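Engineer: Would you mind keeping the following structure in view while I ask a few things?
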Amino acid sequence: MSLQPVRSVPEFYARAIAIEREAIACYNDFAGRMEALGNAETAQLFREIARQEEGHAQELVRCADGCRMPAISSASVPPPLSIAGDSAALIEASLSPIGAIQIAMSAERRAVSFYQNVSLTSPDPVVRELAESMILEEFEHLQLLERLAARLDAKPAH
Numbered sequence: 045m046s047l048q049p050v051r052s053v054p055e056f057y058a059r060a061i062a063i064e065r066e067a068i069a070c071y072n073d074f075a076g077r078m079e080a081l082g083n084a085e086t087a088q089l090f091r092e093i094a095r096q097e098e099g100h101a102q103e104l105v106r107c108a109d110g111c112r113m114p115a116i117s118s119a120s121v122p123p124p125l126s127i128a129g130d131s132a133a134l135i136e137a138s139l140s141p142i143g144a145i146q147i148a149m150s151a152e153r154r155a156v157s158f159y160q161n162v163s164l165t166s167p168d169p170v171v172r173e174l175a176e177s178m179i180l181e182e183f184e185h186l187q188l189l190e191r192l193a194a195r196l197d198a199k200p201a202h
């Protein structure tokens, strides 16, 4: 799927805020699922990433204050955590902490890819700079998830 370049700072903020808000909802949902399974470690990480995403969203909203942002529909933003419509992924995630982590890692990779695309294709240098800062934030989430996945893979099965 080819993406249209993000041409303005207000458009960037609108898309980034939409992405962060979806990520918050999805990470909180995954945390609840992991709590129901009794997997406190995974639930705690998902809650922490949701908290970080909330901080990102608040900062983006603060920075966008005064911008006349375009309306962004969820269909026009490649959501990084687009798991809601994927019933197979949800079933896997609800049964397995490692499955949920793998879905989240894939979603974070999509977020990094989206922001990399923006940083390479936007005609606006400010948008490119903003996208590069988001790449670093999303990459940090990916690293957290990868470390937890490695720890869970290393634990003996009961």
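The opening residue of the sequence shown carries number 45 in our numbering; numbering runs sequentially from there. From the three backbone atoms N, C-alpha and C, an ideal C-beta is built for every residue, glycine too. From a predicted model like this one, the values you see are computed outputs, not experimental measurements.
Quick one: what's got a C-beta closer than 7 Å to M113's C-beta in the same chain, skipping five residues either side?
Structural biologist: As a first step, residue 113 is located in the sequence shown; it is residue number 69 there, counting from the start. Once the five neighbours on either side are set aside, the close Cβ partners of M113 are P54, Y57 and A58.
Engineer: List the endpoints of the continuous alpha helix (DSSP H) containing L180.
Structural biologist: As a working mapping, residue 180 is identified with position 136 in the sequence shown. Run containing L180: P169 to A198, per the alpha helix (DSSP H) assignment.
Engineer: Measuring alpha carbon to alpha carbon, tell me which residue in E173, P169 and F183 is nearest S236.
Structural biologist: Past the edges of the chain, shown from 45 to 202, lies residue 236, and the structure says nothing about it.
Engineer: Taking only three categories from DSSP, how would you classify G76?
Structural biologist: Here residue 76 corresponds to residue number 32 of the sequence shown, with the count starting at 1. Residue state, collapsed to three classes: helix.
Engineer: Going by alpha carbons, who is nearest to P49 out of I179, Y159, E190 and V105?
Structural biologist: For the purposes of this step, residue 49 is identified with residue 5 of the sequence shown, where counting begins at 1. For P49, the nearest C-alpha among the options comes from Y159.
Engineer: Going by the beta-carbon positions, is the gap between I116 and A67 smaller than 8 Å?
Structural biologist: Looking up residue 116 in the sequence shown gives position 72. Looking up residue 67 in the sequence shown gives position 23. For I116 and A67, no; Cβs fall outside 8 Å.
Engineer: With DSSP as the reference, label P114 as helix, strand or coil.
Structural biologist: The count along the sequence shown starts at 1 and reaches residue 114 at position 70. Correct three-state label for P114: coil.
Engineer: Among A175, R51 and I142, which one has its Cα closest to the Cα of M89?
Structural biologist: Along the sequence shown, read from residue 1 onward, the residue named residue 89 stands at position 45. Here residue 89 is Leu; the residue named in the question, Met, does not match the sequence. It is I142 whose Cα lies nearest to the Cα of L89.
Engineer: Alpha carbon to alpha carbon, how far is E152 from E98? Give it in angstroms, no decimals.
Structural biologist: Walking along the sequence shown from the start, residue 98 turns up at place 54. Walking along the sequence shown from the start, residue 152 turns up at place 108. Looking at the two C-alpha atoms, the distance is approximately 15 Å.
Engineer: Taking all protein chains shown into account, do 16 or more other C-beta atoms lie within 10 angstroms of the C-beta of V170, making it buried, or fewer, making it exposed?
Structural biologist: Within the sequence shown, the letter at position 126 stands for residue 170. By the 10 Å Cβ count, V170 comes out exposed.
Engineer: Based on Cα-Cα distance, which residue from D197, E190 and V156 lies nearest to A60?
Structural biologist: As a working note, residue 60 is residue 16 in the sequence shown. Residue V156 is the option with its Cα nearest to A60.
Engineer: So, F74 versus A194, is the Cβ gap smaller than 8 Å?
Structural biologist: One-based indexing of the sequence shown puts residue 74 at position 30. One-based indexing of the sequence shown puts residue 194 at position 150. Not a contact, by the Cβ cut-off of 8 Å.
Engineer: Give the straight-line distance between the Cα atoms of L186 and I93, rounded to the nearest whole angstrom.
Structural biologist: In the sequence shown, the residue the question calls residue 186 occupies position 142. In the sequence shown, the residue the question calls residue 93 occupies position 49. Rounded to whole angstroms, L186 to I93 spans 10 Å at the Cα level.
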